[in-house]
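First the structure, in the form of structure tokens, and then the observations on it.
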Amino acid sequence: MESWALPIIDMDRCTGCGYCAAYCPTSAVVMVAQRPVIVRPEQCAYCGICEELCPAGAVTLTYEITSGPA
Numbered sequence: 003m004e005s006w007a008l009p010i011i012d013m014d015r016c017t018g019c020g021y022c023a024a025y026c027p028t029s030a031v032v033m034v035a036q037r038p039v040i041v042r043p044e045q046c047a048y049c050g051i052c053e054e055l056c057p058a059g060a061v062t063l064t065y066e067i068t069s070g071p072a
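Residue numbers (our numbering): 3 to 72.
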């Protein structure tokens with residue numbers, strides 16, 4: 003089974019500016035009732051554009067550190 007992580011959007015910090023949805027290269031994020039929603043999680047490329055562009059710092063991408071081959 004394949005697993006992936008999705009960006010975390012803190013709705014308490016989100017101002018509803020829409021940058022994350024406007025610049026999402028895969029259209030995984032859309033605005034619904036003036037709030038961002040990841041409606042196509044399978045299309046999220048985890049590219050970090052949403053996190054980088056969010057002026058409120060409401061989007062966070064988490065990363066897992068793994069060791070290389072033994």
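Using N, Cα and C, we set each Cβ at its ideal position, and we do this for glycine too.
Three-state class that DSSP yields for I67 in the structure shown: Position 65 of the sequence shown, counted from the first residue, corresponds to residue 67. Correct three-state label for I67: coil.
Please determine, among V34, E54, A35 and C19, the residue with the shortest C-alpha to C-alpha distance to P9. Numbered from its first residue, the sequence shown carries residue 9 at position 7. Nearest C-alpha to P9: E54.
Is the distance from the Cβ of C16 to the Cβ of A60 below 8 angstroms? Residue numbering aside, residue 16 sits at position 14 when the sequence shown is read from its first letter. Residue numbering aside, residue 60 sits at position 58 when the sequence shown is read from its first letter. Result yes, Cβ atoms of C16 and A60 sit closer than 8 angstroms.
Span of the alpha helix (DSSP H), counted from its first residue to its last, around L55: If you number the sequence shown from 1, residue 55 lands on position 53. Element bounds for L55: I51 to L55.
Applying the criterion that 16 or more other CB atoms from any shown protein chain within 10 Å of the CB defines a buried residue, is V31 buried or exposed? Residue 31 sits at position 29 when you count from the first residue of the sequence shown. Around the beta-carbon of V31, 16 or more other beta-carbon atoms lie within 10 Å, marking it buried.
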